[in-house]
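The opening residue of the sequence shown carries number 38 in this note's numbering; numbering runs sequentially from there.
Below: one structure, written as C-alpha cells.
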Amino acid sequence: MALTICIINGYPEKNRQALTDAGVAGADDLYVRVLGTLIPDARLDVFMIADPGSSLPGGGIEAYDAFIWTGSNLTIYEEDPRVARQIEFARQVYEVGRPSFGGCWGVQMAAAAAGGEVRKNPRGRELGFGRKIRLTAEGRTHPMYEGKPDVFDGFIMHLDEVSRIPPGGRLLATNEHTPVQALEVQ
Numbered sequence: 038m039a040l041t042i043c044i045i046n047g048y049p050e051k052n053r054q055a056l057t058d059a060g061v062a063g064a065d066d067l068y069v070r071v072l073g074t075l076i077p078d079a080r081l082d083v084f085m086i087a088d089p090g091s092s093l094p095g096g097g098i099e100a101y102d103a104f105i106w107t108g109s110n111l112t113i114y115e116e117d118p119r120v121a122r123q124i125e126f127a128r129q130v131y132e133v134g135r136p137s138f139g140g141c142w143g144v145q146m147a148a149a150a151a152g153g154e155v156r157k158n159p160r161g162r163e164l165g166f167g168r169k170i171r172l173t174a175e176g177r178t179h180p181m182y183e184g185k186p187d188v189f190d191g192f193i194m195h196l197d198e199v200s201r202i203p204p205g206g207r208l209l210a211t212n213e214h215t216p217v218q219a220l221e222v223q
C-alpha cells in the first residue's frame, strides 16, 4: 500500500510569494520533488498551515502515514495565531501517534509542541552551512544518521534555537552555534 504523506508548509502566503517572485523554489516544492523521486508511488499532499482558513487537504490526521514540516520565517516564541495553530496541530499529530520529520522550524515546532522551549539564538542567525555538527551518542545510533560521519557540515538556515529539550526528547546532534541541531521527540 502506498504511503500518504502530508508536507506542512509553515511559511505565510506573503513570504512564500516573495520567494516565488525571487525565483526560489518553495520548501514544499523541494520536498515534493525529492520524495516523489525516492517514493514515486506515495501520495504527497501539501498543507499551507500558516494561511488563515486553510485545512488539511486529505481529511483528518489519521488519513496520513507521516508528516513533514518545512521551514518558516515565523518565530515560535512570539504570540502569533499562525504559530499557535501550528503548535496545536503538532500536538494533535503526536496524540494520534503519526511520525513527523522537520528541519529547523520542524525541530523547534516539535520541541514546543512537546513541552520544550524555543528562543532567539543569542549567537545570531546560522545561515548557509552549519559547521562541525556533531552527533551525540544517541545520534550515532539513530537510523536517520546511519552511515553519516560523527562530525559533518550541513545546510542550515535558522535564527532561533531550542533552549530546553522537552521531557522525553533526545538530543541527536549539536554544534557550537546551535546546541540543539537535531532532536527526537516521541
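We put the CB at the ideal spot given by N, CA and C, even for glycine.
All of these numbers come straight from a predicted model, not from anything done at the bench.
| message | Does Asp58 come out as helix, strand or coil in the three-state DSSP assignment? | response | helix
| task | Decide if Thr215 is buried, meaning its Cβ has at least 16 other Cβ atoms within 10 Å, or exposed. | result | buried
| field | For Thr178, the three-state DSSP class (helix, strand or coil) | value | coil
| Buried or exposed by the 16-neighbour rule on C-beta atoms within 10 Å, applied to Leu76 | As written in the sequence, residue 76 is Ile, which differs from the Leu given in the question. When all chains shown are included, Ile76 counts as exposed.
| task | Determine the burial state of Pro49: buried for a count of at least 16 other Cβ atoms within 10 Å of its Cβ, exposed for fewer. | result | buried
| Residue(s) in a DSSP beta bridge with Ala219 | Ala210
| said: Using only the alpha-carbon positions, how far apart do Ile44 and Gln223 sit? | reply: 19 Å
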